[in-house]
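Novice: Okay, handing you the structure first.
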Amino acid sequence: MLAKFIWEIIDLVEEKADEKVKQKIYLVGGAVRDFLIGEEIIDYDLLCEKSALALAEFLQTENYAQIVSIHESFGTVKIQLNSPANIQLDLATTRTEIYEFSGALPIAQYPQNINIDLARRDFTINAIALELKPNQEFEIIDIFAGQADLKNKCIKVLHDLSYFEDPTRILRAIRFAVRFNYKISEIDLKLITETLNKPQIQGLAEKIRGIRIGIELKRLLELNNYLDGACLMTELGAWTLLSKENLIINLNPTDLPLPSWQARLAYLLWNNHNLLNLLELLGFEKKIQKQIGFIQNIINQNALNQPSIKLIKEINNLDLDFYNLLFNLRPAWQNQFKLLEKALPQIKPLELIEQGFSGIEINQRLEYLFQENLLRLKQ
Ligand code: ATP
Ligand code: MG
C-alpha cells in the first residue's frame, strides 16, 4: 500500500492546482520496486513531468509542505510535509543525464519525458514508474521489463555502458543482490568484470569519486548480511574501486557484533598499511579515524603486554563499536583484558590523599598498586 499522503498530494493537485502545476506525477525508483514486491517503502521519490519546483511551491502555498532545499542543476526539490511532520519527500523533474567521463558527476538536462528519465536509471528493477492518478488509481510504466526481473530475482542494467559510465552502480548491484537475495545477471557479471579491468576504474576513489563510492559502500555495509556483500565484492574484484593496490580483505566472521558501517569497513580492510588514507578518501569523520588509529597503534605495539591504567581507560573509552572492533581483531585479548581490569586498584584517589599522597604521586601510587595486583593475579 502506498502512504496516504501520496494520494493526498495527487488529489490536491487535481482539485486546486492551475495549469502550470498540473502535470503527470509519477512514483519512481526504490519505492515502486518495494511496492511491487510487498516490502516496506522507506523513501518516496516523486517525479514530475514538467517541474518539481512548481509542484513544491504549490504544496507550500497550500500549507501542505515546506520546501527544505532546491537543487537547481538537477531539477530536484526536497520538501517536508506539515503532517506527518517527520516525512521528507524528494521531488524531481524528468531528466536525462550525461556523463562526460567514467565516474564523473552527471550533467542533467530537463524536463524530458518519462521514458527518457527511466532510461538514465541503474537497473531494470529500479526503472519502473507508477503514474499516479486521482482516486488512488495508477498505471505501471515498465519499458525495461523490470517486473519480469523482479519475478526472476535478477539484477540487470539498462545498457552495456552503464557500469562504465557510473562505476558506483557496481556497488549498487552487489547491494541489491545481497539485500534481496537476487542474482546479478550473467551479462551483468561480464560487464562488471570488464569495467573493473579498465585501468581508469582501478583506484577510482583515489581519483574522483571517493565520497560517492563511500556513500554506496556505506549503504552496502549497513545491511545485516554485509559480509556476504564483502565476499561478493571480493569475488568480483570490486575492491579495486578503492585502490589500485591489491587490497587484503579480512572476511572472517566476527565474534562480537559490529553495528556501525565504519567499524565493519575498518574490520574488512584492517590488514592494509594505508587503511587510514583509504578511510579519509571515503569521507570518514575525524573522530572515527582517531579511534581506528588508536586501535592500530595498540595492536602494532602489542600494547596489552605493557599494560597501564591509562591504556585500560583509553580502551574502555572507545565507542562500543570500536571496542568490539579491537577484540574482533584480537580475540585472544578478551581474557587478557578482563584480567587487567580485575587488577585495577579499588582504592579511591581521595583515600590516597588522606594517606598523605599528593600531585603526581597519586597516579604513581595507583599504577604501582595496579602492577602489584597484576603480578598477584598472574601467579
Ligand atoms: P533504497 O531502497 O536502498 O533507497 P533505491 O532504489 O531507492 O534503494 P536510491 O539510491 O534511493 O535507491 O535511488 C533512488 C533511485 O534513483 C533508484 O531506484 C534509481 O532508479 C536511481 N538511481 C540512484 N542511483 C543511481 C545511479 N548511480 N545510477 C542510475 N540511477 C540511480
Ligand atoms: Mg531510496
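Just so you know, the sequence shown maps onto residues 903 to 1281 in this note's numbering.
From the three backbone atoms N, C-alpha and C, an ideal C-beta is built for every residue, glycine too.
Fair warning: this is a prediction, and the values are worked out from it, not measured in the lab.
With hydrogens ignored, establish whether the beta-carbon of Gly-931 is closer than 8 Å to any heavy atom of the ligand ATP.
Specialist: Gly-931 Cβ: within cutoff of the ligand ATP.
Novice: Of all the alpha helix (DSSP H) runs that stay within the bounds of the segment 1001-1086, which reach a length of 4 or more residues?
Specialist: DSSP runs (the alpha helix (DSSP H)) wholly in the segment 1001-1086: 1016-1021, 1048-1054, 1064-1067 and 1070-1082.
Novice: What are the uninterrupted segments assigned as alpha helix (DSSP H) that are 4 or more residues long and contained completely in the segment 927-997, given in chain order?
Specialist: Segments of the alpha helix (DSSP H) lying fully in the segment 927-997: 932-938 and 954-963.
Novice: Can you tell me which residues form a DSSP beta bridge with Glu-999?
Specialist: Answer by DSSP bridge pairing, in chain order: Ala-1010.
Novice: What is the DSSP secondary structure of Leu-1231, counted as helix, strand or coil?
Specialist: The answer is helix: DSSP assigns Leu-1231 an H, G or I state.
Novice: Closest to Ala-1006 by CA distance: which of Trp-909, Ile-1113 and Glu-1263 is it?
Specialist: Of the listed residues, the one whose Cα sits closest to Ala-1006 is Ile-1113.
Novice: In chain order, what residues of the same chain have a beta carbon less than 6 Å from the beta carbon of Ser-1145, not counting five sequence neighbours either side?
Specialist: Excluding positions up to five away in sequence, the list reads Gly-1105.
Novice: Suppose the cutoff is 8 Å on Cβ atoms and the five residues either side in sequence are ignored; what does the same chain contact list for Gly-1195 look like?
Specialist: Taken in chain order, the residues that qualify are Leu-1178.
Novice: Can you find the residues in the same chain that come closer than 7 Å, C-beta to C-beta, to Leu-1152, ignoring five residues on each side of it along the sequence?
Specialist: Per the sequence shown, the amino acid found at residue 1152 is Asn instead of Leu. Closer than 7 Å at the Cβ level, and outside the excluded window around Asn-1152, lie Tyr-1169, Leu-1170, Trp-1172 and Asn-1173.
Novice: Suppose you measure from the CA of Ala-1031 to the CA of Lys-952; what does that come to, to the nearest Å?
Specialist: Roughly 16 Å separates the two Cα atoms.
Novice: Is the beta carbon of Phe-1046 less than 9 Å from the beta carbon of Leu-1063?
Specialist: Against a cut-off of 9 Å, the Cβ pair of Leu-1063 and Phe-1046 comes out as no contact.
Novice: Between Asp-1024 and the ligand MG, is there a pair consisting of the residue's CB and a ligand heavy atom that are separated by less than 8 Å?
Specialist: Incorrect: Asp-1024 has no Cβ contact closer than 8 Å to the ligand MG.
Novice: Between the C-alpha atoms of Arg-1278 and Leu-1213, what's the straight-line distance to the nearest angstrom?
Specialist: Spanning the two alpha carbons is a distance of roughly 20 Å.
Novice: Using 9 Å as the threshold, is the C-beta distance between Leu-1034 and Leu-961 below it?
Specialist: Contact: no.
Novice: What did DSSP end up calling Trp-1141 once you bin it into helix, strand or coil?
Specialist: Three-state DSSP puts Trp-1141 in a helix.
Novice: Quick check: the Cα distance between Glu-1269 and Gln-1208, rounded to an integer number of angstroms?
Specialist: Going by the C-alpha atoms only, they are around 12 Å apart.
Novice: Below 8 Å, can you find three or more Cβ-Cβ pairs linking the segment 964-971 to the segment 980-992?
Specialist: Contact between the segment 964-971 and the segment 980-992 is present, because at least three Cβ pairs lie under 8 Å.
Novice: Compute the beta-carbon to beta-carbon distance between Gly-1185 and Gly-1131, rounded to the nearest angstrom, for a pair I have assumed lies under 8 Å.
Specialist: About 19 Å; that fails the 8 Å criterion.
Novice: Alpha carbon to alpha carbon, how far is Leu-1143 from Gln-925? Give it in angstroms, no decimals.
Specialist: Spanning the two alpha carbons is a distance of roughly 41 Å.
Novice: Distance check for Leu-1129 and Leu-1227, CA to CA, integer angstroms please.
Specialist: If I take the Cα positions, the gap works out to 15 Å.
Novice: Comparing the CB of Ala-1029 with every heavy atom of the ligand ATP, is any distance shorter than 8 Å?
Specialist: Answer for Ala-1029: yes, Cβ within range of the ligand ATP.
Novice: By a C-beta neighbour count over all protein chains shown, 10 Å radius and 16 as the cutoff for buried, is Asn-1230 buried or exposed?
Specialist: Buried, because 16 or more other Cβ atoms sit within 10 Å of the Cβ of Asn-1230.
Novice: Taking Glu-999 as the reference, give the member of Ile-1016, Phe-976 and Thr-1070 with the closest Cα.
Specialist: Taking only the C-alpha atoms, the option nearest Glu-999 is Phe-976.
Novice: Please state the DSSP three-state secondary structure of Gln-1297.
Specialist: Lying before the first or after the last residue shown, residue 1297 is absent from the chain, which here runs from 903 to 1281.
Novice: Suppose the cutoff is 7 Å on Cβ atoms and the five residues either side in sequence are ignored; what does the same chain contact list for Pro-1036 look like?
Specialist: Result list for Pro-1036: Ile-912, Asp-913 and Glu-916, in chain order.
Novice: Please work out which residues of its chain come closer than 8 Å, Cβ to Cβ, to Ile-1103, disregarding the five sequence neighbours upstream and downstream, and give them in chain order.
Specialist: Within the same chain, Ile-1103 has close Cβ partners Ser-1004, Gly-1005, Phe-1066, Pro-1069, Thr-1097, Thr-1142 and Leu-1143.
Novice: Measure the alpha-carbon distance for Leu-1138 versus Leu-1167 and round it to whole angstroms.
Specialist: Those two C-alpha atoms are separated by around 18 Å.
Novice: Could you have a look at Leu-1134 and say whether DSSP puts it in helix, strand or coil?
Specialist: DSSP places Leu-1134 in helix when its eight states are reduced to three.
Novice: Mind checking which residues open and close the alpha helix (DSSP H) that includes Thr-1095?
Specialist: Where Thr-1095 is concerned, the enclosing alpha helix (DSSP H) stretches over 1088-1098.
Novice: Using the three-state DSSP reduction, which class does Pro-1251 fall into: helix, strand or coil?
Specialist: If DSSP states are grouped into helix, strand and coil, Pro-1251 belongs with the helices.
Novice: In or out: Leu-1283 buried (at least 16 other Cβ within 10 Å) or exposed?
Specialist: Within the shown structure, residues of the chain are numbered from 903 to 1281, placing residue 1283 beyond reach of any answer.
Novice: Among Leu-938, Lys-922 and Gly-940, which one has its Cα closest to the Cα of Leu-955?
Specialist: It is Lys-922.
Novice: Using the C-alpha atoms, what's the distance from Thr-996 back to Gln-990?
Specialist: About 19 Å.
Novice: Among residues of its own chain, excluding the 5 on either side of Pro-1155, which ones have a beta-carbon nearer than 7 Å to its beta-carbon?
Specialist: If we look at Pro-1155 and ignore the five residues flanking it on each side, its Cβ neighbours are Leu-1129.
Novice: In or out: Met-903 buried (at least 16 other Cβ within 10 Å) or exposed?
Specialist: The residue is exposed, with fewer than 16 neighbouring Cβ atoms inside 10 Å.
Novice: Assign Thr-1026 to one of two classes, buried (16 or more other C-beta atoms within 10 Å of its C-beta) or exposed (fewer than that).
Specialist: Label assigned to Thr-1026: buried.
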